[in-house]
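S.K.: Would you mind keeping the following structure in view while I ask a few things?
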Amino acid sequence: MLEYTEFFSKRHKNDEKSPVTWAKPREGYLKINVDGAFRENMKSGGWGFVVRDQQGEAVAAGAGNLQHIIDPAQAEAMACLQALYFASASGMNRVELETDASIMRTALLGSQLDKSSLGVLFREIKYQMYVNFTDVRVVYTPRSCNTVAHHLAGVGASLAPGGVLIWPNEVPSDVNVLVAADLRSV
232 MLEYTEFFSK RHKNDEKSPV TWAKPREGYL KINVDGAFRE NMKSGGWGFV VRDQQGEAVA
292 AGAGNLQHII DPAQAEAMAC LQALYFASAS GMNRVELETD ASIMRTALLG SQLDKSSLGV
352 LFREIKYQMY VNFTDVRVVY TPRSCNTVAH HLAGVGASLA PGGVLIWPNE VPSDVNVLVA
412 ADLRSV
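For the sequence shown, our numbering gives the first residue as 232, with consecutive numbering after it.
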């Protein structure tokens, strides 16, 4: 079994393909793009997510600040967890969870990282997926296809410690600008 840190440092093979563009969710699903931000010098960061419908329009978004985190994988995992909490509370039951961290996909679809330093967090995410949703598809996407969530993670990192912003119905104009850019490439 690969050590957690070795695994996280390896690049995903799909990164070599280009150009890659954001894709709309499959029929009957909502797509949730997630991302985490990490500030190593401060051991802080942020999380962000955006929920998009079948036309690719943003229907909800969220961002939050993180304190006392150990690495980028923890920030990414917190983004997944916060997005799933929101989706469940909002009555969403079939989602595509899209992340630009290949370790998240591996961690959520298998058990090899369950005993890592973030294993409890990975197991909580899997529990939420199993209990609160009819179907969750976990998908890896290159960062170039995750710009909206990446922006929101940066917003979260800039909030006061513990700060959270949720847009349950209408997203901010800066998010809509990024969504529109994604849709031009579809």
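Don't be surprised by glycine CBs; every beta carbon is placed ideally from N, CA and C.
Quick check: the stretch 251-258 against the stretch 370-378, are there 3 or more CB pairs under 8 Å?
M.R.: As far as the Cβ criterion goes, the stretch 251-258 touches the stretch 370-378, which means the pair count is three or higher.
S.K.: Taking Cβ to Cβ, would you say LEU261 is nearer than 7 Å to GLY276?
M.R.: Going by C-beta atoms, LEU261 is not nearer than 7 Å to GLY276.
S.K.: Classify LYS255 as helix, strand or coil using the three-state DSSP reduction.
M.R.: In the structure shown, LYS255 sits in coil (DSSP, three-state: anything other than H, G, I, E or B).
S.K.: From LYS346 to PHE353, what distance separates their C-alpha atoms?
M.R.: Between LYS346 and PHE353, the C-alpha separation is close to 9 Å.
S.K.: Specify, as a first and last residue, the run of the beta strand (DSSP E) that SER275 falls within.
M.R.: Counting along the chain, the beta strand (DSSP E) containing SER275 begins and ends at 275-283.
S.K.: Please determine, among GLU355, MET273, GLY259, the residue with the shortest C-alpha to C-alpha distance to SER389.
M.R.: Measuring from the Cα of SER389, the nearest candidate turns out to be MET273.
S.K.: Give me the Cα-Cα distance between ASP246 and GLU401, rounded to the nearest whole angstrom.
M.R.: Low local confidence applies: a pLDDT of 36 at ASP246 is under 50, so the model's placement there is unreliable, with the coordinate-based value given in what follows. So the alpha carbons of these two residues sit roughly 32 Å apart.
S.K.: Going by Cα to Cα distance, which pick from GLY394, GLU307, GLY385 is closest to ASP405?
M.R.: Looking at the Cα atoms, GLY385 is the closest of the given residues.
S.K.: Determine the closest residue to SER348 out of GLU288, ASP302, PRO399, with distance taken between C-alpha atoms.
M.R.: When only C-alpha atoms are compared, the closest one is ASP302.
S.K.: Hey, quick one: how far does the beta strand (DSSP E) through LEU261 stretch, first residue to last?
M.R.: Segment 261-270, the beta strand (DSSP E) holding LEU261.
S.K.: What would DSSP say about THR330, mapped onto helix, strand or coil?
M.R.: The answer is strand: DSSP assigns THR330 an E or B state.
S.K.: From the DSSP output, in three-state form, read off ASP405 for me.
M.R.: Residue state, collapsed to three classes: helix.
S.K.: Just how far apart, CA to CA, sit SER321 and LEU340?
M.R.: Each residue's alpha carbon lies about 24 Å from the other.
S.K.: DSSP three-state label for ASN296, please.
M.R.: Note: ASN296 maps to strand in three-state DSSP.
S.K.: Would a C-beta distance cut-off of 7 Å place GLY295 and VAL395 closer than the cut-off?
M.R.: In this structure, VAL395 lies closer than 7 Å to GLY295 by Cβ.
S.K.: Keeping to the same chain, check which residues put their C-beta closer than 6 Å to that of VAL265; ignore five residues upstream and five downstream.
M.R.: PHE280, ALA310, CYS311, ALA314, THR330, ALA380, listed in sequence order.
S.K.: With burial defined as no fewer than 16 other Cβ atoms inside 10 Å of the residue's Cβ, what is the status of GLN285: buried or exposed?
M.R.: That one is exposed.
S.K.: What are the boundary residues of the beta strand (DSSP E) that includes ILE356?
M.R.: It is not in any beta strand (DSSP E) - ILE356 instead sits in the alpha helix (DSSP H) that spans 350-363.
S.K.: Answer yes or no: do VAL369 and LEU328 have a C-beta to C-beta separation smaller than 7 Å?
M.R.: Going by C-beta atoms, VAL369 is nearer than 7 Å to LEU328.
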